[in-house]
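**Student:** Quick one: the structure is below, and I'll ask about it shortly.
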Amino acid sequence: MNDKPEIITLCGSTKFKDKFNEINKLFSLQGKIVLSVAFFTHADNDDITAGQKENLDDLHFKKIDLSDSIFVIDINKYISQSTNNEIEYAKSKGKKIIYYSEWIKKNE
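Under the working numbering, think of the first position of the sequence shown as -11, with each following residue one higher.
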């Protein structure tokens, strides 16, 4: 048994809040360490400043640095520009990229 649990960062549009929560619970029950977003600005209409958004974006990239992989929540294959930036960053760091749209086909 591996003593070090997999660390995975969830990425995707914050309008998919319910899916973020569902996947977070599922992976946590599987023994993974799940890193996610702090605010669901699209789903909850959270009002944050441009500076706060920039800080949160930077923090999310640091979460990717800590991760073994990222899990892209791409409902109907929707990927925002922000999520695409996270994917490209993860690729540049040699992280494994898992897409929900492909993962769900294998796990149905």
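Just so you know, even glycine gets a beta-carbon here, dropped at the ideal spot from N, CA and C.
Check for me: the beta strand (DSSP E) holding Thr(-3) runs from which residue to which?
**Tutor:** Where Thr(-3) is concerned, the enclosing beta strand (DSSP E) starts and stops at -5 to 0.
**Student:** Give a yes or no on whether the C-beta atoms belonging to Glu(-6) and Lys13 are separated by under 7 Å.
**Tutor:** no
**Student:** Drop a sphere of 10 angstroms on the beta-carbon of Asp45, count the other beta-carbons inside from all chains shown, and report buried for 16 or more, exposed for fewer.
**Tutor:** exposed
**Student:** Given Ser16, which residues of its chain have a CB within under 7 Å of its CB, disregarding the five upstream and five downstream residues?
**Tutor:** Val22
**Student:** Quick one: which unbroken alpha helix (DSSP H) runs of 4-plus residues sit fully inside the region 30 to 74? Chain order, please.
**Tutor:** 38 to 54
**Student:** Mapping DSSP to helix, strand and coil, what is Lys84?
**Tutor:** strand
**Student:** Would you kindly work out how many angstroms separate the C-alpha atoms of Lys65 and Phe8, rounded to a whole number?
**Tutor:** Take the alpha-carbon of Lys65 and the one of Phe8: they are about 15 Å apart.
**Student:** Comparing C-alpha positions only, which one of Lys93, Glu74, Glu96, Trp91 sits nearest to Gly97?
**Tutor:** Given that the chain is displayed from residue -11 to residue 96, the structure contains no residue 97 and the question cannot be resolved.
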